[in-house]
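Chemist: Encoded as structure tokens, here's the structure I'll be asking about.
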Amino acid sequence: MHSTASDSAVLDPAGPDRASPARPRDVWAYAGAWLLGSVLIVVTAIRQPFSYDELTQIAPYDSSDPGTITGATRQPPIDPLLGALFHHLFGEGQLQDRLVPVLAGIGSLTFMGLLLRRLGLRFAGAAALLVMATAPLFVRYSAYTRPYALPMFVMIVMAYAVQSWLKEGRGRWLWLTAVAAFLLPLIRVPEPTVFLVITAVIMGWYTWRGRLTRRQSLPVLLIAVAAVLSMGLAQYFSLAESSNGFFDPSPSGVVDRFPEGVHELVTAFVPLMGNSFPWWPVTLLVVLAAAVLGAARSRLVDWPMWWPLVAAPVAFAIAYHFVNPFPFDAIPYRARAASFFIPAFVLLVAALASVVERRDLDQRIRVGAAALVGAAFLTQLPPTITVVRDDAAPDFGVISEVITSQVPANAIVLYDRPTPAGASRQPFLGNWRYMGDTPYVETLSDLPRQLDSMPSTGPVYLLFNGQCAYSGRCIPASRTAVDIAISGWHIAYQHERFTLYAPDHEQDGPAGVVEAMQATRAGLGLELGYLQTYVAATVLAEQGQRGQGKALIEQMFAQADPEMADVIRHEEAAYDLDPFGLDPASSDN
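Using numbering that gives the first Met the number 0, the letters of the sequence shown correspond one by one to residues 0 to 588.
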């Protein structure tokens, strides 16, 4: 399928200066940016510990059952299936289990470079690619085993294919567009779906405005619509069924949540964006300059696929604040979702950088544009260095090695991430990946249901993850370790957010567990230590001391104020914490 010369002349996405030949030196500039970004991604993938979400996703990679592999995450199947395939081919390892995002991140750099050159940019495109290669969000989530880097990569591939089709009119670009469009919903649902819908809308809009012919726009429009109506809808309904009411798009729900959503956007989303991109005044100036300067603005208008790339993350951010019915402090909008703004921001930087190459513009404007692009690059380097250097997640590998080498094999190790009632408590994830079954390590919130598997003897150790040891979600993640005084135990080891307590007198077995829970509750206080009361009561009940167990729970509620008591009762009902099944206030011995 080929368009005529007159068709392709309606909108040539290369923009001004498109007829000039590329200079060989700019190829080396592109290659240098690509190489730097690739090195940063690989180093980060090797250095960064696996997060809770990553360990959850890669846990079933040993399996040969596709259902088991894809069931580990509420996401479409391609990303985990590819991860499992690489795991089977290359084995277990820090880099091996991150090959999907690593290759996707490097692929994104490759196709973004091709796209920028397709748009007729020379050193301006190389400068924009350098900004992308060193963007902290891009580096971090190109080394993160969840479906963020891969859908971004496919979106950039589709943008490149569409721009190539509009310029050349060759059928191969339509085939690549179709492959990318139908793959996108099978990798991730929200942003890709919006991306496809806006692509169809933009094709129609540009045609109506006379910037594209129907021969140019109609094939792309039909491909995008077909992908949404087939794969997109199927994956949406599948996700909605498994997401437990994560989205509530009802008009009444949106209206009710509107004031809170606006507050969240101002107090949470805007600061997150300010921390995730170049220093926020620089980012704001880059956006404003690209909008105000006619030369930069006309570049963006000449790039139809910029609009889908920017609309996708914007729509998801708005939906997250107005359609998400869960409390924002429990399930906040995260930096990994904000990473989808990277491609659109890079194109915006490219449009501004292209002003520098315009010899017909005032030199002061060109110098100002160059200064802003340079500032965007330089001011994002400190957070990028932090991404590469500092652990973004607790290192379960390190603490697992400590436990296996320094703790007696017959020990009972009780793990907790002290968290206020209503916030999530994540389990210990070192056993299957790093440790095996010895010593015995159990997540405290799971212990009441696992008492049958707990050893009847053995010294009791306490392991804390201080990532969220204080009220509210830790954004950014806290690096504070728990260092409270626990009567009868002393700190034996600390590593960033992990703290291991050893018993002073070899407190042993169930009696040692009860003593540990009471001492920990006294050290943490009621807000963070309420769970320890329930665990101690459950162990006492299992030992036939029901009266003592009930007394502990009654004493806890007597000390709590009415608001705290209501929150704890809600947690008690939600997680079946009370071993007696009665309201503590009305129970008897």
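Ideal placement from N, C-alpha and C gives every residue a C-beta, glycine not left out. All values reported here derive from a predicted model rather than from experimental measurement.
Can we say the stretch 476-491 touches the stretch 438-450, given the rule of at least three CB pairs closer than 8 Å?
Modeler: Not touching, per the Cβ criterion.
Chemist: Taking just the CA atoms, how far does L351 sit from V285?
Modeler: Mapped onto the sequence shown, residue 285 falls at position 286. Mapped onto the sequence shown, residue 351 falls at position 352. One C-alpha to the other measures close to 7 Å.
Chemist: Could you give the distance in angstroms between the alpha-carbon of Q449 and the alpha-carbon of M516?
Modeler: Taking the sequence shown and counting its residues from 1, the one referred to as residue 449 is at position 450. Taking the sequence shown and counting its residues from 1, the one referred to as residue 516 is at position 517. Near 16 Å, if we compare the C-alpha coordinates of M516 and Q449.
Chemist: Tell me whether T198 is buried or exposed, calling it buried when 16 or more other Cβ atoms sit within 10 Å of its Cβ.
Modeler: Against the sequence shown, residue 198 aligns to sequence position 199. Buried, because 16 or more other Cβ atoms sit within 10 Å of the Cβ of T198.
Chemist: What's the call for V513, buried or exposed, on a 16-neighbour Cβ count within 10 Å?
Modeler: Reading the sequence shown from its first residue, position 514 is the one you call residue 513. The residue in question, V513, is buried, as its Cβ has 16 or more Cβ neighbours within 10 Å.
Chemist: Output needed for T133: all residues of its chain with C-beta closer than 8 Å, excluding positions within five of it in sequence on either side, in chain order.
Modeler: Locating residue 133 in the sequence shown gives position 134, counting from the first residue. The answer, listed in chain order, is L35, G36, L39, F376, Q379, L380, T383.
Chemist: According to DSSP, is S444 helix, strand or coil?
Modeler: Against the sequence shown, residue 444 aligns to sequence position 445. Helix at S444.
Chemist: Round the Cβ separation of D390 and Q47 to the nearest angstrom and send it over; I've been treating them as touching at under 8 Å.
Modeler: The sequence position of residue 390 within the sequence shown is 391, counting from 1. The sequence position of residue 47 within the sequence shown is 48, counting from 1. Contact holds; Cβ gap of about 7 Å.
Chemist: Which residue's Cα is closest to the Cα of V354: L128, R296, P407?
Modeler: As a working mapping, residue 354 is identified with position 355 in the sequence shown. Considering only alpha carbons, the answer is R296.
Chemist: With a threshold of 7 Å on Cβ separation, who are the neighbours of D78 within its own chain once the five nearest residues in sequence on each side are excluded?
Modeler: In the sequence shown, the residue the question calls residue 78 occupies position 79. Within the same chain, D78 has close Cβ partners V99, P146, L149, I186.
Chemist: Determine which residues share a DSSP beta bridge with D359 and list them.
Modeler: Against the sequence shown, residue 359 aligns to sequence position 360. Looking at the DSSP assignment, D359 forms no beta bridge with any residue, so it has no partner.
Chemist: Leaving out the 5 sequence neighbours to the left and right, which residues in its chain are closer than 8 Å to P407 when beta-carbon positions are compared?
Modeler: In the sequence shown, counting from the first residue as 1, residue 407 sits at position 408. So the list reads P438, G457, P458, once near-sequence residues are dropped.
Chemist: Do you know how far the Cα of L94 is from the Cα of F49?
Modeler: The residue labelled residue 49 in the question sits at position 50 within the sequence shown. The residue labelled residue 94 in the question sits at position 95 within the sequence shown. So the alpha carbons of these two residues sit roughly 11 Å apart.
Chemist: Report the CB separation of F463 from D394 in whole angstroms; it is logged as a contact under 8 Å.
Modeler: Locating residue 463 in the sequence shown gives position 464, counting from the first residue. Locating residue 394 in the sequence shown gives position 395, counting from the first residue. 14 Å between Cβ atoms; not a contact.
Chemist: Can you round the beta-carbon distance between L347 and L299 to whole angstroms, since I take them to be within the 8 Å contact cut?
Modeler: Against the sequence shown, residue 347 aligns to sequence position 348. Against the sequence shown, residue 299 aligns to sequence position 300. That pair is a contact at about 7 Å.
Chemist: Identify which residue in A535, A480, G104 has its Cα closest to the Cα of E495.
Modeler: If you number the sequence shown from 1, residue 495 lands on position 496. Closest by alpha carbon: A480.
Chemist: Assuming V281 and A374 make a contact with CB atoms under 8 Å, what is their CB distance in whole Å?
Modeler: Taking the first residue of the sequence shown as position 1, residue 281 is located at position 282. Taking the first residue of the sequence shown as position 1, residue 374 is located at position 375. With 8 Å as the limit, V281 and A374 qualify as a contact, their Cβ atoms being about 5 Å apart.
Chemist: Nearest by alpha-carbon distance to G31: which of Y433, A71, L129, G70 is it?
Modeler: As a position in the sequence shown, residue 31 is number 32, starting the count at 1. The candidate whose alpha carbon is nearest that of G31 is L129.
Chemist: Less than 8 Å between the CB atoms is what I'm expecting for Y235 and V188, so what's the real figure, rounded?
Modeler: By one-based count along the sequence shown, residue 235 stands at place 236. By one-based count along the sequence shown, residue 188 stands at place 189. Right, their Cβ atoms sit about 6 Å apart.
Chemist: Are V161 and M304 closer than 8 Å when you measure CB to CB?
Modeler: For this step, residue 161 is matched to residue 162 along the sequence shown. For this step, residue 304 is matched to residue 305 along the sequence shown. Against a cut-off of 8 Å, the Cβ pair of M304 and V161 comes out as a contact.
Chemist: Please report the straight-line C-alpha distance between R116 and G124, rounded to a whole angstrom.
Modeler: Counting from 1 along the sequence shown, the entry for residue 116 is found at position 117. Counting from 1 along the sequence shown, the entry for residue 124 is found at position 125. In a straight line, the C-alpha of R116 is about 7 Å away from that of G124.
Chemist: Considering only C-alpha positions, which residue in the set Y51, A126, R24, R97 is nearest to L108?
Modeler: Mapped onto the sequence shown, residue 108 falls at position 109. When each option's Cα is compared against that of L108, the closest is A126.
Chemist: Which whole-angstrom value is the C-beta distance of L136 and A337, which I expect to be below 8 Å?
Modeler: Counting from 1 along the sequence shown, the entry for residue 136 is found at position 137. Counting from 1 along the sequence shown, the entry for residue 337 is found at position 338. That belief holds up - the Cβ atoms of L136 and A337 are roughly 6 Å apart, short of 8 Å.
Chemist: Locate the beta strand (DSSP E) running through N464, then write down its first and last residues.
Modeler: Position 465 of the sequence shown holds residue 464. It spans 459-464 - the beta strand (DSSP E) in which N464 sits, taken as one unbroken run.
Chemist: Between H320, L523, G367, which has its C-alpha nearest P258's C-alpha?
Modeler: The residue you call residue 258 lines up with position 259 of the sequence shown. Nearest of H320, L523, G367 to P258, Cα basis: H320.
Chemist: Please report the straight-line C-alpha distance between W278 and M272, rounded to a whole angstrom.
Modeler: Position 279 of the sequence shown, counted from the first residue, corresponds to residue 278. Position 273 of the sequence shown, counted from the first residue, corresponds to residue 272. Using only the alpha carbons, I get a separation of about 10 Å.
Chemist: Hey, how far is the Cα of P324 from the Cα of V253?
Modeler: By one-based count along the sequence shown, residue 324 stands at place 325. By one-based count along the sequence shown, residue 253 stands at place 254. So the two alpha carbons sit approximately 9 Å from each other.
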